[in-house]
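Below is one structure, written out as C-alpha cells; the observations come after it.
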Amino acid sequence: MYRTRCYRIEALPEFDLHIGDHSFKLCASAAEEKDAFIRHLFKFASKYLPVQKPDFVNVPIPVDVSSTVVATEPSVDVQEENFAQYQPVSAKEEADFRRMLTFFNLSIGEADKFATMLNDQLQSLDGANIDSIMGSEVAVNDLIKVIDSAIEETNRLDSQLDVFDKLLSHVRDSVELIEEKDSLGCVERKNTRLLRNYLAEAISLIDVVSEEHIEILRAGNLSDPISISRCSAAARALQNYSSSRMNAAMPLMAAFKERNEELNQLTEAFVEKLMAHLSALFSRLVQLTRCFFNRLSHIVLLSSQVLAVLVGQINGEVVSLYFGFS
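In terms of the numbering used here, the sequence shown opens at residue 1337 and continues consecutively.
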C-alpha cells in the first residue's frame, strides 16, 4: 500500500495569480517567501485600492493589517508605514527583466517557466561551485601549506631582523663612541696645537734676552768702549723683551715667572751699576770743572796783573816821549 502525503495549502510554495483574463502560476522557493509576497501584495492593495480590492482565496490574510480590511479607508499611520516599505521597480530593473525574458524567448505570462529555468540554472551553478570547490581542495591544501611556509619564513626573517636590530644597535653605540672619541681627539689636537703655539711664542719671547746678554749686563765694564757697546746691545734686547706683547696666560706660567723675576733683578743690578758709574763720572767731571775754573781764574788773575804792568810801562813811555818832544 502506498501512503499518500497531505499538505496544507499554506505550506505549498506554488500559487496562482489571476489578472483580468490572464492567469499566472507562480512558484516561490519556500512557503515563507510566498507568504511574504502575499503580505506585501495585500498591503499595496489595501493602500492603493481601498475600494476595488483583489480577492485572496485560500491564502492567509496578514494578521497585522487584518483590521484595515474592514475599514473603507486605511489610517494615516498605516499609509505612511506602507509607503515607507514600498519600493517601486525602477525603469532599469524593468528593462533588464524584459531583456532577460527576450533572451529566453519567454513572455510575461510564463513567469513560472522563467522561475523554473532560473532555479535550474541556480542549481547547476551551485553544483558547479561545489565541484570547483571540491576540485580545488588540493590547491587549497597546497595554498595552506604555502601560507604556513610563508608564515614560518616570516618568523625566521623576523628573528633574523631582531638579530640584525641588536647588531645595528651595537654598531650604533660603537659609532657614537667613535664619534665621541674623534670629537675628543679633535679637541685634544686643537689644544695641543694652541699649546705648541703658546710655547713657541713664550720660548721666542724668552730667547730675546739670551744668556750672553745676561752675562754682559752682569760683568760689563762701563769704562771700556767695546764693553759699553755690548752692554748697549744687551740693554736694547732687555727693553724689547719688556715692551713686547705677550699672551694673557703667559704670566701664569712658572717658567715665565722665574725668567721675568731673574731679568727684573738683572735690570735693577745693571741700573744700580750704571747709576754708580755715571755718578763717578759726574763727580770726576765736577772736580775737573772746578780745577779748570780754578786754573782759569788764576790765569785770568795773572793775565790782569801782566796787563796792568804792560799798561803802566806803556803809559810811562808815552809820558817820556811827550816831554821829550816838548
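Here a beta-carbon is modelled for each residue, glycine too, at the ideal position from N, C-alpha and C.
Just so you know, these numbers come straight off a predicted model, no measurement behind them.
With DSSP as the reference, label residue i as helix, strand or coil.
| i | result |
| --- | --- |
| Ser-1359 | strand |
| Phe-1392 | coil |
| Asp-1560 | coil |
| Leu-1543 | The sequence given here has Asp at residue 1543, not Leu. The answer is coil: DSSP assigns Asp-1543 none of H, G, I, E or B. |
| Leu-1535 | helix |
| Leu-1353 | strand |
| Asn-1441 | coil |
| Leu-1513 | helix |
| Leu-1348 | coil |
| Ala-1366 | coil |
| Pro-1410 | With a pLDDT of only 49 at Pro-1410, under the threshold of 50, the placement of this residue in the model should not be trusted; the figure read from the coordinates follows. In this structure, Pro-1410 counts as coil in the three-state DSSP scheme. |
| Arg-1631 | helix |
| Ser-1426 | coil |
| Arg-1566 | helix |
| Ser-1382 | helix |
| Ser-1639 | helix |
| Arg-1581 | coil |
| Val-1401 | Because the pLDDT at Val-1401 is just 46, under 50, the model does not fix this residue reliably, and the point stays unresolved. |
Output the distance between the C-alpha atoms of residue i and residue j, rounded to the nearest integer angstrom.
| i | j | result |
| --- | --- | --- |
| Ser-1382 | Glu-1369 | 20 Å |
| Pro-1587 | Ala-1555 | 28 Å |
| Ile-1483 | Ser-1359 | 58 Å |
| His-1376 | Gln-1459 | 27 Å |
| Ala-1464 | Phe-1392 | 40 Å |
| His-1613 | Ser-1619 | 10 Å |
| Pro-1390 | Gln-1457 | 33 Å |
| Lys-1361 | Ile-1355 | 11 Å |
| Asn-1533 | Leu-1610 | 37 Å |
| Leu-1599 | Asn-1557 | 19 Å |
| Met-1589 | Cys-1522 | 25 Å |
| Phe-1450 | Ala-1486 | 49 Å |
| Met-1470 | Asp-1462 | 12 Å |
| Ile-1480 | Asp-1494 | 20 Å |
| Glu-1594 | Leu-1530 | 22 Å |
| Ile-1564 | Val-1645 | 52 Å |
| Leu-1617 | Arg-1525 | 59 Å |
| Ser-1579 | Leu-1624 | 39 Å |
| Glu-1608 | Leu-1520 | 53 Å |
| Thr-1490 | Ile-1466 | 33 Å |
| Val-1511 | Leu-1503 | 12 Å |
| Leu-1441 | Lys-1379 | Note on residue identity: the sequence assigns Asn, not Leu, to residue 1441. Roughly 33 Å separates the two Cα atoms. |
| Phe-1500 | Arg-1492 | 12 Å |
| Ile-1650 | Asn-1630 | 30 Å |
| Asp-1448 | Ser-1472 | 35 Å |
| Ser-1402 | Asp-1371 | Confidence is the limiting factor: at Ser-1402 the pLDDT is only 43, short of 50, which leaves the residue's position unreliable, though a coordinate-based value still follows. One C-alpha to the other measures close to 14 Å. |
| Asp-1357 | Glu-1446 | 15 Å |
| Tyr-1338 | Arg-1434 | Any reading at Tyr-1338 must be qualified, since the residue scores a pLDDT of 38, below 50, and its modelled position is unreliable; no value is offered. |
| Ser-1468 | Val-1476 | 11 Å |
| Leu-1637 | Phe-1628 | 14 Å |
Let me check you understand the geometry: is the CB of residue i closer than 7 Å to at least one non-hydrogen atom of the ligand SAH?
| i | result |
| --- | --- |
| Val-1545 | The model depicted lacks the ligand SAH and carries no ligand whatsoever. |
Tell me which residues share the same chain as residue i and place their Cβ nearer than 7 Å to its Cβ, disregarding the 5 neighbours each side in the sequence.
| i | result |
| --- | --- |
| Ile-1552 | Arg-1566, Cys-1567, Ala-1570 |
| Val-1474 | none |
| Leu-1643 | none |
| Phe-1373 | Ala-1364 |
| Lys-1517 | none |
| Met-1582 | Leu-1541 |
| Ala-1366 | Pro-1349 |
| Gln-1641 | none |
| Val-1622 | none |
| Leu-1513 | none |
| Met-1453 | Phe-1440 |
Apart from the five residues on each side of it in sequence, which residues of its chain come closer than 6 Å, Cβ to Cβ, to residue i?
| i | result |
| --- | --- |
| Glu-1429 | none |
| Thr-1408 | Residue placement at Thr-1408 is poorly supported in this model, since its pLDDT is 43, which falls under 50; the coordinates still yield a value, given next. Result list for Thr-1408: empty, nothing under 6 Å. |
| Phe-1606 | Leu-1553 |
| Val-1395 | Ile-1374 |
| Arg-1508 | none |
| Tyr-1577 | Val-1544, Val-1545 |
Looking only at its own chain, which residues have a Cβ that is under 8 Å from the Cβ of residue i, when we skip the five neighbours before and after it?
| i | result |
| --- | --- |
| Ser-1294 | Residue numbering for the chain in the displayed model covers 1337 to 1662; residue 1294 lies beyond these limits and cannot be assessed. |
| Asp-1352 | Ser-1359, Phe-1360, Lys-1361, Leu-1362 |
| Leu-1602 | Ile-1550, Leu-1553, Arg-1554, Leu-1574 |
| Arg-1626 | none |
>> Below 8 Å, how does it come out for the region 1540 to 1549 and the region 1571 to 1579: are there three or more Cβ pairs, yes or no?
In response: Short answer: they touch.
>> Just to confirm the assignment: which complete beta strand (DSSP E) runs, minimum length 3, are found wholly within the region 1583 to 1625?
In response: The beta strand (DSSP E) runs lying completely inside the region 1583 to 1625 and spanning 3 residues or more number zero.
> In the region 1455 to 1529, which residue ranges form an unbroken alpha helix (DSSP H) of at least 4 residues, counting only runs that do not cross its ends?
Replying inline: Counting only runs of 4 or more, we get nothing.
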